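Engineer: Dropping the structure in here first, questions after.
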Amino acid sequence: MQSGLRHVARNARPIVCRPSSSRFPLETRRYAGFLNPLDWVREKLAPGVKEKPTKEEVDAGKKQAAEDGNRNIFEAAVAPTPRPAEVEAKPGEAAPKKSEIYVPKKPSKPKPTSHKYSTANFKISHRKLNMLGRQIAGKPIDFAILQMQFSEKRASTRIMNMLATARDHAVRYKKLKESKLVVAEAWVSKGPKGARRIEPRGRGHMGVQTHPNSKLSVILKEGKTVEEKRLEDREKRIRKIVSASLTREDKPIRNPSPTWGW
Numbered sequence: 648m649q650s651g652l653r654h655v656a657r658n659a660r661p662i663v664c665r666p667s668s669s670r671f672p673l674e675t676r677r678y679a680g681f682l683n684p685l686d687w688v689r690e691k692l693a694p695g696v697k698e699k700p701t702k703e704e705v706d707a708g709k710k711q712a713a714e715d716g717n718r719n720i721f722e723a724a725v726a727p728t729p730r731p732a733e734v735e736a737k738p739g740e741a742a743p744k745k746s747e748i749y750v751p752k753k754p755s756k757p758k759p760t761s762h763k764y765s766t767a768n769f770k771i772s773h774r775k776l777n778m779l780g781r782q783i784a785g786k787p788i789d790f791a792i793l794q795m796q797f798s799e800k801r802a803s804t805r806i807m808n809m810l811a812t813a814r815d816h817a818v819r820y821k822k823l824k825e826s827k828l829v830v831a832e833a834w835v836s837k838g839p840k841g842a843r844r845i846e847p848r849g850r851g852h853m854g855v856q857t858h859p860n861s862k863l864s865v866i867l868k869e870g871k872t873v874e875e876k877r878l879e880d881r882e883k884r885i886r887k888i889v890s891a892s893l894t895r896e897d898k899p900i901r902n903p904s905p906t907w908g909w
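For the sequence shown, the working numbering assigns the number 648 to the initial residue and increments by one for each residue that follows.
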């Protein structure tokens with residue numbers, strides 16, 4: 648028994664009390680949130696209530712910055728001279744006259760002289776649509792609408808509605824006179840190519856069908872009315888008339904006869 652105790656005592660290691668490896672003392676580690684990063688971020692970065700400096704403190708800081716030569720660039724700038732409209736009359740002085748007050752004028756927009764409108768792209772050949780465009784080009788708007796109303800072409804109804812809408816828009820939005828509106832320009836534009844289809848032919852052949860799209864665009868302007876054109880044509884004809892006189896005139900003979908006059 649004693650030999651066994653000697654063996655255990657010989658092999659036993661002495662117990663040495665070493666200091667703790669932690670950098671924080673025991674009292675600090677007792678609290679659960681001493682290493683919580685959220686509390687540190689909230690304490691350091693959270694917005695706090697700042698007291699607004701008084702006017703005396705602000706003036707003293709500006710004065711000290713001016714003496715040190717660290718004046719703000721916006722404060723060092725020269726204040727702009729007030730305009731006559733901004734000058735207020737002091738007590739005991741007469742108010743400035745209206746002619747002396749500066750009132751800035753807004754740039755006036757030029758009055759529109761034309762209105763552009765067009766149809767949407769629809770299924771029609773540009774060659775067929777160009778015939779209707781040449782029929783209404785240079786005509787008064789009411790005359791062009793009348794031409795499309797009695798036309799036998801399939802696209803005439805669409806063009807008639809487009810001309811009526813363009814006339815209303817020009818009068819309402821551009822303030823143009825309806826009685827003087829003329830189709831100054833009319834042109835046709837090709838639209839996107841439609842889907843192609845196969846057309847079977849004889850003897851094993853085949854063709855390709857294309858469905859073209861196009862649209863018609865017009866420009867409406869104020870021009871001469873029908874009555875003004877008639878008066879101008881009448882005056883032009885009257886100017887061509889040669890009066891009978893003894894002297895020879897270098898003008899063509901009026902109503903020349905097909906044969907000799909004697």
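We treat Cβ as the ideally placed atom computed from N, Cα and C, and that holds for glycine.
Being a predicted model, the structure only gives us computed values, none of them experimental.
Measuring straight from C-alpha to C-alpha, what distance separates Ala679 and Lys699?
Structural biologist: Caution applies to Ala679, whose pLDDT of 48 falls short of 50 and renders its modelled position unreliable; the value that the coordinates give is listed next. If you take the alpha carbons of Ala679 and Lys699, they lie about 37 Å apart.
Engineer: Using only the alpha-carbon positions, how far apart do Thr760 and Ser836 sit?
Structural biologist: Near 23 Å, if we compare the C-alpha coordinates of Ser836 and Thr760.
Engineer: What is the DSSP secondary structure of Arg718, counted as helix, strand or coil?
Structural biologist: Correct three-state label for Arg718: coil.
Engineer: Which two residues bound the contiguous beta strand (DSSP E) that contains Thr844?
Structural biologist: With the sequence shown as reference, residue 844 is identified as Arg, and Thr is not the correct amino acid for it. Start and end: Arg844 to Pro847.
Engineer: From which residue to which residue does the beta strand (DSSP E) around Ser761 run?
Structural biologist: Run containing Ser761: Ser761 to Ser765, per the beta strand (DSSP E) assignment.
Engineer: Given this structure, state the Cα-to-Cα distance separating Trp834 from Phe721, to the nearest angstrom.
Structural biologist: Straight-line Cα distance between these residues: approximately 59 Å.
Engineer: Within a Cβ cutoff of 6 Å, which residues of the same chain sit near Leu793, ignoring the five residues on either side of it in sequence?
Structural biologist: Within the same chain, Leu793 has no close Cβ partners at all.
Engineer: Considering Gly780, what are the terminal residues of the alpha helix (DSSP H) in which it resides?
Structural biologist: From DSSP, the alpha helix (DSSP H) with Gly780 extends over His773 to Ile783.
Engineer: Measuring alpha carbon to alpha carbon, tell me which residue in Asn719, Leu776, Met807 and Arg881 is nearest Ala791.
Structural biologist: Checking every option, the nearest Cα to that of Ala791 belongs to Met807.
Engineer: So is Ala813 buried or exposed if we call it buried at 16+ other beta carbons inside 10 Å?
Structural biologist: Per the 10 Å Cβ criterion, buried.
Engineer: Taking the alpha helix (DSSP H) that Ser803 falls in, what are its first and last residues?
Structural biologist: Its alpha helix (DSSP H) spans residues Ser803 to Arg819.
Engineer: In angstroms, rounded to a whole number, what distance separates the CA positions of Ala707 and Lys691?
Structural biologist: Cα to Cα, the separation comes out at about 30 Å.
Engineer: Is it a yes or a no for the region 762–775 touching the region 857–874, going by three-plus beta-carbon pairs under 8 Å?
Structural biologist: The region 762–775 is in contact with the region 857–874.
Engineer: Gly838 to Arg774, Cα distance in whole Å?
Structural biologist: Cα-Cα distance, rounded: 13 Å.
Engineer: Would Val865 pass as a contact of Val830 if the rule is Cβ separation under 8 Å?
Structural biologist: Yes, they are a contact pair.
Engineer: Quick check on DSSP: helix, strand or coil for Ala679?
Structural biologist: Low confidence applies here, because Ala679 scores a pLDDT of 48, under 50, leaving its location unreliable; read the following figure in that light. The answer is coil: DSSP assigns Ala679 none of H, G, I, E or B.
Engineer: So, helix, strand or coil for Glu869, using DSSP?
Structural biologist: Here Glu869 sits in strand by DSSP.
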